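Have a look at the structure below, then the notes.
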């Protein structure tokens, strides 16, 4: 399996500020994903990030609000911009790993609270 | 669009007994994958088991097995010999193929509580 780490593990931020979340994988992977889990809810895909190309965003998510970087095959960042209390969620990084059919693993998550 | 349904918001099971968590799905894609994840209160998503649509046998991983009934479009998770540490939220998910990759579509989840 792939080992994924995220930083920070949790943060409390003021509205109007931005937070960048880092995701590091111990193996090279093609596909990295960012998910959001709002309180008491299930997970929703924010965007898919492939190395060397722009991230692809799901309906309801835009690059200006959630810019993503993918500089290499083991690292990605997600920024939550101009935060509001509605952005309070767990943000999870995920990767496809192995050979087809790929297993999908998640990082430990970043628990964000916006006040 | 694909859809995952978990009809049990919460379940209780006695320690050492088996429990089945229900999951039904809807897709028109003949090739798909089904996942189960465990999410303890810490928030991490722990991969439990995977079933491919073309797999002939039901997937098993230790105390976890997947009761895959393709015609009924169900993929229920069976946990045998429940332990107190099994208390968590459990999510069923389906891999949806996109033009630029894949994504997981999640059900609403089932909270499992194991009683001693």
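Chains as they are written, first to last, in my numbering: chain Y, 1 to 115; chain F, 1001 to 1116.
Note that the Cβ used here is the ideal one computed from N, Cα and C, for glycine as well.
This structure is a prediction, so every number in the text was calculated from the model and none was measured.
Each of Y:46, Y:38, Y:102 and Y:47 was checked against the Cα of residue 1043 (chain F), and the nearest Cα belongs to Y:38. Between residue 1033 (chain F) and residue 1050 (chain F), the C-beta gap is smaller than 9 Å, which places the two residues in contact. By the Cβ-count criterion, residue 1096 (chain F) is buried, with 16 or more other Cβ atoms from all chains shown falling within 10 Å of its own Cβ. The distance from the Cβ of residue 97 (chain Y) to that of residue 1 (chain Y) is about 7 Å, consistent with a contact at the 8 Å cut-off. In the three-state scheme derived from DSSP, where H, G and I count as helix and E and B as strand, residue 1062 (chain F) is classed as coil. Listed along chain Y are 1, 103, 104, 105 and 106, each with a C-beta nearer than 9 Å to that of residue 1047 (chain F). In the structure shown, the three-state DSSP call for residue 1017 (chain F) is coil. In the three-state reduction of the DSSP assignment, residue 71 (chain Y) falls in the strand class. Apart from sequence neighbours up to five positions away, the residues of its chain that approach residue 115 (chain Y) with a beta-carbon distance below 8 Å are 12, 13, 14, 15 and 85, ordered along the chain. For residue 96 (chain Y), the three-state secondary structure derived from DSSP is strand.
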